[in-house]
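So the sequence lines, in the order shown, correspond to chains A and B. For the first sequence, my numbering begins at 9 and goes up steadily by one. For the second sequence, my numbering begins at 32 and goes up steadily by one. By construction, the Cβ of each residue, glycine as well, lies at the ideal position given by its N, Cα and C atoms. All values reported here derive from a predicted model rather than from experimental measurement.
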Amino acid sequence: MELEPVIGFEVHSELKTKTKVFCGCKNAFGDPPNTNVCPVCLGMPGVLPVLNRRAFELALRTAIALHCEISERTTFDRKNYYYPDLPKNYQISQQYAVLGRRGYLEIEINGQTRRVGINNVHLEEDAGKNVHPETAGARYSLVDLNRAGVPLLEIVSEPDIRSRDEAEAYMHGLRSLLQYCDASDCKMQEGSLRYELNISMRRPGDPLPDYRVEVKNLASMKSVLRALDYEIRRQTRLLEEGRKPARETALWDDAAGETRTMRSKEGAQDYRYFPEPDLVEVHIDRAWMERARAELPELQHQRCKRFVEQLGLPEYDARILTQSRPLADYFEAAVRLHNNPKAISNWIMTELLRVLGEEVEPDDLKVRPSHLARLVGMIDSGAISGKIAKQVFPDMLETGRMPDEIVREKGLVQISDTSALESVVAEVIAENPDVAEDYRAGKDKALGRLVGQAMKKTRGQANPQLLNELLRKTLRGE
Amino acid sequence: MPSEKVTEADVRHVAYLSRLEFNADEIQRFTHDLNNILLYVDKLAELDTSAVEPTSHSLKMQNVFRDDEVRASLTNEQALANAPEREGPFFKVPQIIQEP
């Protein structure tokens with residue numbers, strides 16, 4: 009039986025604001041526990057939330073970038089449930105008049121563009137964090153409410169994703185869009201971007217299955233893909249045995265590499281949403297929409313086009329460099345300092361992409377755009393050869409020192425002095441009379457062997473162009 | 032008009048969701064009271080509201096915002112001052128055994 013997965017995502021992204029969504033406490037990761045808290049986000053009686061304009065504008069911008077229909081009147085609602093990280097016993101969210109609906113994200117699969125539907129985009133507040141005590145066997149939990157009230161954007165996709173590759177493309181695409189909108193820093197390891205998966209299996213062409221498994225606790229994109237593989241195998245096996253997988257919510261156990269059913273709680277899904285009486289409606293009129301559209305930052309495809317048209321990069325380079333905004337920013341910062349886009353692109357694509365990944369962002373690198381620009385500048389001015397640059401680069405990555413400094417310290421400066429190279433050239437010709445004779449007899453390739461020998465003698469420091477020229481001249485007896 | 036809109040099972044369910052415990056007498060009394068309240072509210076349905084715009088709020092106001100500027104938070108000591116239990120800088124709560 010040929011089955012295909014039916015996959016959808018719920019993505020939570022913390023917005024990049026200075027303060028929380030309904031109070032003036034700092035929105036920051038890693039501060040001492042329970043220090044960015046006030047009566048509003050602690051849920052004390054009688055306090056009133058006031059909406060953060062910046063948070064709302066970032067949410068609106070993202071909804072527009074996702075091609076959503078924007079509600080002219082949008083409202084907030086209370087979602088009621090009990091959990092220790094939720095001090096008010098309700099979360100302020102949006103249910104009845106959400107900010108954006110019926111949008112889409114374009115993803116590219118095997119050179120073809122596909123649209124993944126966005127069901128809705130809405131603004132809500134994050135909950136606090138439960139911490140497990142360090143004491144072994146402790147039968148209690150600890151709560152840090154610094155995160156309670158941090159603005160959170162929820163992006164709910166339609167179940168339009170049909171393969172693991174599409175799921176991966178969707179995650180990368182959405183992350184890139186959030187970064188280009190400057191809406192979130194998208195650090196999964198800090199929880200500012202969180203994916204929840206829902207998945208079922210069906211025969212292609214069948215209607216949507218009447219069950220689905222929701223998977224939570226996915227700490228990285230890698231975990232999402234592993235959980236996806238696991239569920240596809242598990243559900244396929246059940247269906248092949250003629251059994252139907254249960255509709256359930258499961259937690260991904262990364263260490264065990266499997267999903268675990270969460271104990272179902274009677275009535276747990278009954279959130280009794282009702283309009284938040286402490287917040288008034290937000291009306292978005294035409295003038296505001298026009299302003300928001302005009303202020304939309306340059307998005308990935310636009311930047312890619314500009315890199316090709318203005319900087320003369322090949323399409324392939326431009327696409328890779330613009331996949332993430334921090335990388336594109338890095339590249340442009342280097343190009344501003346040294347105008348050789350293609351050479352800088354080559355260095356990024358060969359040397360930097362090797363060390364960058366989900367855990368390492370361009371901002372984390374010790375090699376800053378100014379370092380890279382300087383390195384390429386030194387090659388272009390003939391101060392060092394490309395070969396020496398490659399020798400210097402690992403040191404730059406590790407220490408964050410300027411290439412000039414490393415080159416000087418290691419004595420790697422290129423020899424561009426004719427008199428210094430003349431003696432080397434004479435030596436090489438004297439030591440390799442046969443090769444020299446071959447060249448004189450018209451075998452141009454023989455020159456390369458002599459260049460190689462000379463390079464060896466100068467430990468790669470000879471200026472290759474000058475060396476070539478000197479060898480040719482000497483051999484021709486000029 | 033049906034007199035039994037709210038059943039005793041509904042009341043028990045709502046009580047559970049609100050983490051409230053009631054005895055059998057109370058369940059019966061609240062069922063009765065809630066039905067009466069709903070009957071009373073039904074009177075509003077007699078009004079013709081076809082020409083009235085839907086509203087989500089009693090205040091005729093919209094777009095109330097604050098600027099994204101940091102204001103002083105409480106100190107950790109102040110934040111924990113009313114906590115029934117604490118450990119170091121944290122609130123201490125009964126062991127959490129499952130996700131919400």
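**Study point:** Length of the line joining the Cα atoms of Thr82(A) and Arg220(A)
**Key:** Rounded to whole angstroms, Thr82(A) to Arg220(A) spans 30 Å at the Cα level.
**Study point:** For Glu266(A), the residue or residues it bridges with in DSSP
**Key:** Looking at the DSSP assignment, Glu266(A) forms a beta bridge with Asp261(A).
Practice item. Express the C-alpha separation of Tyr281(A) and Leu236(A) in angstroms, rounding to a whole number. Key: Each residue's Cα considered, the two are about 31 Å apart.
Point to revise | Cβ separation of Ala105(A) and Ser79(A), assumed to be a contact under 8 Å, to the nearest whole Å | key: Yes, they are in contact, since the Cβ atoms of Ala105(A) and Ser79(A) sit about 5 Å apart, within 8 Å.
**Study point:** Close beta carbons around Arg202(A), own chain, < 8 Å, minus the five adjacent residues each side
**Key:** Within the same chain, Arg202(A) has close Cβ partners Val19, His20, Ser21, Met196, Leu226.
Exercise for review: Give a yes or no on whether the minimum CB-CB distance between Leu48(B) and chain A is below 7 Å.
Suggested key: Chain A has a Cβ within less than 7 Å of the Cβ of Leu48(B).
Exercise for review: Give the residues of chain B in contact with Arg294(A), contact being defined as C-beta atoms less than 8 Å apart.
Suggested key: Correct list: empty, because the minimum Cβ distance to chain B is about 14 Å.
**Study point:** Contact residues within the segment 93-124 of chain B, judged by C-beta distance below 7 Å to chain A
**Key:** Closer than 7 Å at the C-beta level to chain A, one finds these residues of the segment 93-124 of chain B: Gln93, Asn94, Val95, Phe96, Arg97, Asp98, Asp99, Glu100, Val101, Arg102, Ser104, Leu105, Asn107, Ala110, Leu111, Glu118, Pro120, Phe121, Phe122, Lys123, Val124.
Exercise for review: Would you decide whether Ser89(B) is buried or exposed? Buried here means 16 or more other CB atoms lie within 10 Å of its CB.
Suggested key: Counting of Cβ neighbours within 10 angstroms places Ser89(B) among the exposed residues, the total staying below 16.
Exercise for review: Using a Cβ cut-off of 7 Å (strictly closer), state whether Lys34(A) contacts chain B.
Suggested key: It does; some Cβ of chain B falls within 7 Å.
Exercise for review: Could you name the residues of the segment 54-68 of chain A whose beta carbon sits closer than 8 Å to any beta carbon of chain D, in the order they occur along the chain?
Suggested key: Of the protein chains in this structure, namely A and B, none is chain D.
Review point. How many whole angstroms separate the CB atoms of Leu405(A) and Val375(A), which I take to be in contact at a CB cut-off of 8 Å?
Key: Indeed, because the Cβ distance is near 5 Å, the residues count as touching under 8 Å.
Check your understanding: By Cβ distance below 7 Å, which residues in the same chain neighbour Asp173(A) in space, the five residues on each side in sequence not counted?
Key -> Excluding five sequence positions before and after Asp173(A), the CB atoms of its chain that fall closer than 7 Å to its own CB belong to Ile117, given in chain order.
Exercise for review: Pull up the distance between the alpha-carbon of Arg86(A) and that of Glu10(A), whole angstroms please.
Suggested key: Distance between the alpha carbons of Arg86(A) and Glu10(A) is about 43 Å.
Practice item. Could you tell me whether the Cβ of Phe17(A) comes closer than 7 Å to any Cβ of chain B? Key: Output row for Phe17(A): interface = no.
Practice item. Take Tyr91(A) and list the residues in its own chain whose beta-carbon comes closer than 8 Å to its own, dropping the five residues that flank it on each side. Key: If we look at Tyr91(A) and ignore the five residues flanking it on each side, its Cβ neighbours are Ala135.
Review point. Quick one: which chain B residues come within Cβ less than 7 Å of Leu50(A)?
Key: Ordered by position in chain B, the residues that pass the 7 Å Cβ test against Leu50(A) are Ala110.
Point to revise | Between the CA atoms of Thr62(B) and Ala40(B) - distance to the nearest angstrom | key: So the two alpha carbons sit approximately 9 Å from each other.
Practice item. Identify which residue in Ala36(A), Asn206(A), Arg245(A) has its Cα closest to the Cα of Glu198(A). Key: Considering only alpha carbons, the answer is Ala36(A).
Practice item. Return the first residue and the last residue of the beta strand (DSSP E) that Val551(A) is part of. Key: As shown, chain A starts at 9 and ends at 486. That puts residue 551(A) outside it, with no answer to give.
Check your understanding: What residues of chain A sit near Leu90(B), judged by a beta carbon separation below 7 Å?
Key -> In chain order, Val288 make up the part of chain A whose C-beta sits under 7 Å from the C-beta of Leu90(B).
**Study point:** beta strand (DSSP E) runs wholly inside the segment 58-109 of chain A, at least 3 long, in chain order
**Key:** Uninterrupted beta strand (DSSP E) stretches at least 3 residues long and entirely within the segment 58-109 of chain A occur at 85-88, 98-101, given in chain order.
Practice item. With DSSP collapsed to three states, give me the class of Glu114(A). Key: In the three-state scheme derived from DSSP, where H, G and I count as helix and E and B as strand, Glu114(A) is classed as strand.
Point to revise | Residue-level contact to chain B via CB, Cys46(A), 7 Å cutoff | key: For Cys46(A), the answer is yes, since a Cβ of chain B falls inside 7 Å of its Cβ.
Check your understanding: Just the Cα atoms here: how many angstroms apart are Gly275(A) and Ile68(B)?
Key -> Because Gly275(A) carries a pLDDT of 46, less than 50, the predicted location of this residue cannot be relied on, and no value is offered for it.
Exercise for review: Could you tell me the distance, in whole angstroms, from the CA atom of Tyr324(A) to the CA atom of Asp403(A)?
Suggested key: Cα to Cα, the separation comes out at about 29 Å.
Point to revise | Beta-carbon gap between Gln126(B) and Tyr178(A) smaller than 7 Å | key: No.
Practice item. Show which residues of chain B have a CB atom less than 8 Å away from the CB atom of Lys26(A). Key: Going along chain B in sequence order, the residues near Lys26(A) (Cβ under 8 Å) are Asp99, Glu100, Val101.
Practice item. With DSSP as the reference, label Gly275(A) as helix, strand or coil. Key: Confidence at Gly275(A) is low in this model, with a pLDDT of 46, below 50, so the placement of that residue is unreliable and no value is reported for it.
Point to revise | Spatially closest choice to Leu475(A) from Ser427(A), Ala438(A), Ala449(A), Val443(A), by CA coordinates | key: Put simply, of Ser427(A), Ala438(A), Ala449(A), Val443(A) the residue whose alpha carbon is nearest the alpha carbon of Leu475(A) is Ser427(A).
Point to revise | Within-7 Å CB hit, Arg147(A) to chain B | key: By the rule that beta-carbons nearer than 7 Å mark a contact, Arg147(A) touches chain B.
Exercise for review: Measure from the C-beta of Ser87(B) to each C-beta in chain A and report whether the shortest distance is under 7 Å.
Suggested key: With 7 Å as the cut-off, Ser87(B) counts as an interface residue toward chain A.
Exercise for review: Tell me whether Lys398(A) sits in a helix, a strand or coil according to DSSP, three-state version.
Suggested key: Here Lys398(A) sits in helix by DSSP.
Check your understanding: For the 8 Å Cβ check, are there 3 or more pairs between the segment 34-52 of chain A and the segment 145-161 of chain A?
Key -> Touching, per the Cβ criterion.
Review point. Between Leu186(A) and the rest of its own chain, which residues show a CB-CB distance below 6 Å, the 5 nearest in sequence each way excluded?
Key: Same-chain partners within the cutoff: Ser21, Ser192, Cys194.
Point to revise | From Asn138(A), Leu113(A), Pro285(A), Leu380(A), residue whose alpha carbon lies closest to that of Arg183(A) | key: Comparing Cα positions, the closest option is Leu113(A).
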